[in-house]
Amino acid sequence: MGYCLNQDCERPDNPDHAEFCMNCGAPLTLRDRFSIIRPLGEGGLGKTYLAQDRDKFNEPCVVKQLKYQPQGTATDQKVIELFCREAQQLMNLRDHPLIPELYAYFEEKGGLYLVQEWIEGQDLQQELQAGCFSEDKIWDLLQSILPILAFIHERGVIHRDLKPANLMRRRLDGRLMLIDFGVSRQLSQGVTQIQTGTIVGTPGYAPYEQMIQDPEKPGPSSDLYSLGVTCFELITGVAPYPLTLEVGYHWVDHWQQYLKQPLSPHLTGIMDKLLKIKSSDRFQSAAEVLRALQPEGCDGEGAPSPLGGKPRERPLSQTLQAPVCPSNAVGKGRLFLRSPLQWLGLVLGVIGVGGLGFWGWQELKPSLRPWLGENLPTQGDPLRSPPDPSGEAAAAAEVWFQRATEKYNQGDYPGAIADYTRAIQLDPTFSEAYYRRGNAHAYLDEKTEAIDDYTRALAGDPGNAEVHHSRGRAYADLGEYPQAIEDYDQAIERQPEYGEAYNSRGIARFTLDDKQGAIADYTQAINLNPRNFEALQNRGFAHYALDQQKKAIADFSRAINLESNSAEAYYGRGLAQADLDNPQAAMDDYNQALKLNPDFGEAYYHRGIVHLALGNPRSAIQDLSAALRINPDADAYYHRGLAHSDAGEAAAAIDDYTKAIQQVPDYVEAYNNRGNAWAAMGKHQQALEDYSEAIRLNSAFAEAYQGRGQTQEALGNSARAIKDYEFAASLYQEQGRNDQYAEVRSRIRALSP
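Each residue of the sequence shown is one higher than the last, beginning at 1 in the UniProt record's numbering.
Listed below in structure tokens is the structure:
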């Protein structure tokens, strides 16, 4: 099932595998990566959708579309900048195993989007429907959630919408997760309050300081108040919002009257302090509450507890125990769909930044420690490990894989490679680890190693189109285009609607000078997705290479309509306009390309050539100099030499022609025009040498014969001049260049006795 994000679409539901809405034609993917499946909900801050991540083998994810209306003012840019900055802060929370990972954030077509990990499970609001929580369950809740709050608060993030619906019990292992960070303090402040003053949080659960919309007021104690309200609702079954409507915040002064049975003095004291109206009267940190949870007479390192109460006999580890997945559940089924391990959440809670998480090694099954600890082999070492009758090596491999993936997502590719290698050593059949390690090698430009890993991944699943495509791209990066095309062929055979593979094969064919084949592939990619910007742009360049300039302009224009910030598309259209002798249109496109990318050397170069054609040598020199600062290329030196010649600066022209020749020793045109510059300076011997070298390199170069004839004439060598003019006239006549032919014949007549 696909779902259309166009707010004006009357029939947003679409069939499976549809790339575009059947009703309005809008794309059903974001960034050609996230396929929208169905809506999950809508709130004051935006809408939430279930989606699939194509870059992660269609793993489910959550897409949050934040409510934001562009106003066409400077405020828009401020909102987007703050959105990006604060979303990056949320990325810093990805280290915690009980917080859904933020995969991506971006602005697209006026919308602001967050993409997060999909957590399968049941939230506490749903659990409440089965009956109120016992006191023991509230203790468990506090011991589970407070370490997570301590983690986010230490990183400067306030959740601001803590409530039962945002506490999810993960089906995988039964652990509680804190979800819905799309409405954290920073993001919501940037996206909503800048524009509208929208209150962030849920009335009834949010404390007073949060509801008065003072962005400086809410802090860690605000989340702790919401945690207290959450515990109150779960214990009593009474929703807080109606109470707030009735008596404001004063219901918290007598919250105990709603209890169906009394709580222990210890928990009552904690709840009292969590539910203070004034923020300064509450606990000020999650760590402070955790200390208050300690048994009577003990606060952390032995200090007396400020609240006292009944000692807690049950150890914390009891809340974390879960059954071990049987060994035959690991590594079965289709490639890349690893069987979930019921206790994996516990292990991931241990493995974190620096190697240890909240609970420490003592919570691990003892039999897992050899697989994750010092007995684990390093990369390249022979596998040293105890027997593995229970499948725990494969389980430990999964842990290393998850840690490697975290490093990969953070851009630590060497670290990711090391951890993927550990996973592979523990489970040599772990095909996805080979694939991901190949991707990391590819990012480090280690294409040979990447190809080796992709090949090993394909040994486990020869029909995986994505791996074939990735290996093809690695071959292409090595210049091995025939091998790349073989992989693209395999990808397309296995997934006939794989538009990206058609586009990649088109690039390979274009490079092998099969322009028509490239156009056919680009066209197929476009047929699959008429909004495929890359295929349209690439087809435009292929049409340009075949001198099909009008078709090229049409493709570049369509690409620009899709991505108006593509400097390359404007540049390509400028090339085609110049070839059609539309210099002003070409100039406009080059100007736009350089506005979008001030370091676009090719755009400077070609704009300089247009200036030359329009008789603006000074502007040409300026553009060609800019191009040379970016890339000291022989052609740019040559054309700047032409501009200097047109400006009457023969010495500067000679210097540029010489630099071009130094780079390209057989640059015929540079020799010829340097001869012209020498002649303009009256240095006839040097001119004769350059014309002669040009003729040696290209005996059909009429201009060189004409130039040498003119120099011989200037030296009074009429016979030699006539001979060169005769050669030039013959060549001009063969080439159908009548004006030049007439000019040379005129000189022959003038010199003939």
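Every residue gets a Cβ at the ideal spot worked out from N, C-alpha and C, and that includes glycine. Just so we're clear, the structure is a prediction, and the values are computed from it rather than from any experiment.
Going straight from the alpha carbon of Q740 to that of R696, what length do you get? Numbered from 1 along the sequence shown, position 740 holds the residue referred to as residue 740. Numbered from 1 along the sequence shown, position 696 holds the residue referred to as residue 696. Distance between the alpha carbons of Q740 and R696 is about 21 Å.
Going along the chain, which residues of its own chain have a beta-carbon closer than 6 Å to the beta-carbon of A576, five neighbours each way excluded? Here residue 576 corresponds to residue number 576 of the sequence shown, with the count starting at 1. For A576, the CB contacts under 6 Å within the same chain, skipping 5 residues up- and downstream, are Y544, Q549, A552 and I553 in chain order.
Give the straight-line distance between the Cα atoms of E398 and A286, rounded to the nearest whole angstrom. Along the sequence shown, read from residue 1 onward, the residue named residue 398 stands at position 398. Along the sequence shown, read from residue 1 onward, the residue named residue 286 stands at position 286. Our two residues, E398 and A286, have alpha carbons roughly 31 Å apart in a direct line.
Mind checking Q710: buried by the 16 CB within 10 Å criterion, or exposed? Start at 1 with the first residue of the sequence shown, and residue 710 comes out as number 710. If you draw a 10 Å sphere on the C-beta of Q710, you find 16 or more other C-beta atoms in it, and that means buried.
Stretch-stretch touch, CB-based, cutoff 8 Å, three pairs: the stretch 112-120 with the stretch 159-178: Taking 8 Å as the limit for Cβ pairs, the verdict is that the stretch 159-178 does touch the stretch 112-120.
Among the residues of its own chain, which have a CB less than 6 Å from the CB of P203, if the five just before and after it don't count? What you label residue 203 is simply residue 203 of the sequence shown in a count that begins at 1. Counting only Cβ-Cβ distances below 6 Å, and skipping sequence neighbours, we find Y241.
Three-state secondary structure assigned by DSSP to C61: Counted from its first residue, the sequence shown places residue 61 at position 61. Note: C61 maps to strand in three-state DSSP.
Output the boundary residues of the alpha helix (DSSP H) element that contains K683. In the sequence shown, the residue the question calls residue 683 occupies position 683. In this chain, K683 is not harboured by any alpha helix (DSSP H), its DSSP state being neither H nor E.
Under 8 Å between the Cβ atoms of P665 and D646? Counting from one through the sequence shown, the residue named residue 665 turns up at place 665. Counting from one through the sequence shown, the residue named residue 646 turns up at place 646. The Cβ-Cβ distance between P665 and D646 does not fall below 8 Å.
Report the option in P530, P207 and Y105 whose CA atom is closest to the CA atom of G25. Working through the sequence shown from its first residue, we reach residue 25 at position 25. With distances taken between Cα atoms, G25 lies closest to P530.
Consult DSSP for M22 and reduce its assignment to one of helix, strand or coil. Working through the sequence shown from its first residue, we reach residue 22 at position 22. Here M22 carries a coil assignment [DSSP, helix/strand/coil].
Unbroken alpha helix (DSSP H) run spanning R558, endpoints: Residue mapping note: residue 558 aligns to position 558 of the sequence shown, counting from 1. In the DSSP annotation of this structure, the continuous segment of the alpha helix (DSSP H) that includes R558 starts and ends at Q549 to L562.
With H, G and I counted as helix, E and B as strand and the rest as coil, what does DSSP make of I119? The sequence position of residue 119 within the sequence shown is 119, counting from 1. Reduced to three states, the DSSP call for I119 is coil.
For the putative contact between D656 and G675, defined by C-beta atoms under 8 Å, what is the C-beta separation to the nearest angstrom? Here residue 656 is taken as the residue at index 656 of the sequence shown, counted from 1. Here residue 675 is taken as the residue at index 675 of the sequence shown, counted from 1. Actually they are not in contact, since the Cβ atoms of D656 and G675 sit about 14 Å apart, beyond 8 Å.
P583 to N565 span [Cα, whole Å]: Walking along the sequence shown from the start, residue 583 turns up at place 583. Walking along the sequence shown from the start, residue 565 turns up at place 565. Computed Cα separation, rounded: 22 Å.
For the alpha helix (DSSP H) that contains T244, what are its first and last residues? Here residue 244 refers to the residue found at position 244 when the sequence shown is read from its first residue. In this chain, the alpha helix (DSSP H) harbouring T244 covers P240 to V247.
Could you tell me whether the Cβ atoms of L731 and Y705 are closer together than 8 Å? Indexing the sequence shown from 1 puts residue 731 at position 731. Indexing the sequence shown from 1 puts residue 705 at position 705. Taking a C-beta distance under 8 Å as the contact criterion, L731 and Y705 qualify as a contact pair.
Between the alpha carbons of A501 and H469, how many angstroms are there, rounded? Counting from one through the sequence shown, the residue named residue 501 turns up at place 501. Counting from one through the sequence shown, the residue named residue 469 turns up at place 469. Take the alpha-carbon of A501 and the one of H469: they are about 6 Å apart.
Please report the straight-line C-alpha distance between H644 and A650, rounded to a whole angstrom. Here residue 644 refers to the residue found at position 644 when the sequence shown is read from its first residue. Here residue 650 refers to the residue found at position 650 when the sequence shown is read from its first residue. If you draw a straight line from the Cα of H644 to the Cα of A650, it is about 7 Å long.
Cβ separation of L30 and E108, assumed to be a contact under 8 Å, to the nearest whole Å: The sequence position of residue 30 within the sequence shown is 30, counting from 1. The sequence position of residue 108 within the sequence shown is 108, counting from 1. Yes, they are in contact, since the Cβ atoms of L30 and E108 sit about 6 Å apart, within 8 Å.
Run the CB neighbour count on D173, radius 10 Å, all protein chains shown included, and call it buried at 16 or more, exposed below. For the purposes of this step, residue 173 is taken as the residue at position 173 of the sequence shown. Classification of D173: buried, given that the 10 Å Cβ count is 16 or more.
Measuring alpha carbon to alpha carbon, tell me which residue in A700, A714 and F701 is nearest W678. Counting from 1 along the sequence shown, the entry for residue 678 is found at position 678. Comparing Cα-Cα distances from W678 to each of A700, A714 and F701, the minimum goes to A714.
Cβ neighbour criterion (16 or more within 10 Å) applied to D223: Position 223 of the sequence shown, counting from 1, holds the residue named residue 223. Buried is the call here.
Is L102 closer than 8 Å to L90 when the C-beta atoms are compared? Indexing the sequence shown from 1 puts residue 90 at position 90. Indexing the sequence shown from 1 puts residue 102 at position 102. It is a contact, given that the beta carbons lie within the stated cut-off.
Taking just the CA atoms, how far does R437 sit from L275? Here residue 275 refers to the residue found at position 275 when the sequence shown is read from its first residue. Here residue 437 refers to the residue found at position 437 when the sequence shown is read from its first residue. Cα to Cα, the separation comes out at about 49 Å.
In the DSSP assignment, what residue or residues form a beta bridge with L102? Residue numbering aside, residue 102 sits at position 102 when the sequence shown is read from its first letter. When DSSP reads this structure, L102 sits in a beta bridge with Q116.
Rounded to the nearest angstrom, what separates V289 and P147 at their Cα positions? The residue given as residue 289 occupies position 289 in the sequence shown. The residue given as residue 147 occupies position 147 in the sequence shown. If you take the alpha carbons of V289 and P147, they lie about 10 Å apart.
Exposed or buried, S504, counting other C-beta atoms within 10 Å across all chains shown (16 or more means buried)? Residue mapping note: residue 504 aligns to position 504 of the sequence shown, counting from 1. That one is buried.
Residues that R170 bridges to, as DSSP identifies them: Translated into the one-based positions of the sequence shown, residue 170 becomes position 170. Under DSSP, R170 forms a beta bridge with G121.
Inter-residue spacing [alpha-carbon to alpha-carbon] between P462 and N58: Taking the sequence shown and counting its residues from 1, the one referred to as residue 462 is at position 462. Taking the sequence shown and counting its residues from 1, the one referred to as residue 58 is at position 58. Distance between the alpha carbons of P462 and N58: 18 Å.
How would you write the range of the alpha helix (DSSP H) that A51 sits in, first residue to last? Within the sequence shown, the letter at position 51 stands for residue 51. No alpha helix (DSSP H) holds A51; the beta strand (DSSP E) holding it covers G46 to D53.
T455, buried or exposed, once every other Cβ within 10 Å from all chains shown has been counted against 16: If you number the sequence shown from 1, residue 455 lands on position 455. T455 should be labelled exposed.
For V115 and C61, the rounded distance between their alpha carbons: Within the sequence shown, residue 61 is the residue found at index 61, counting from 1. Within the sequence shown, residue 115 is the residue found at index 115, counting from 1. Rounded to whole angstroms, C61 to V115 spans 7 Å at the Cα level.
As assigned by DSSP and simplified to three states, the class of S645: What you label residue 645 is simply residue 645 of the sequence shown in a count that begins at 1. In the structure shown, S645 sits in a helix (DSSP, three-state: H, G or I).
Would you tell me roughly how many angstroms separate the C-alpha atoms of R720 and N698, rounded to the nearest one? The sequence position of residue 720 within the sequence shown is 720, counting from 1. The sequence position of residue 698 within the sequence shown is 698, counting from 1. When the Cα atoms are used, R720 and N698 turn out to be separated by approximately 19 Å.
What is the rounded straight-line gap between the Cα of D599 and the Cα of I630? On the sequence shown, residue 599 is found 599 positions in, with the first residue counted as 1. On the sequence shown, residue 630 is found 630 positions in, with the first residue counted as 1. In a straight line, the C-alpha of D599 is about 7 Å away from that of I630.
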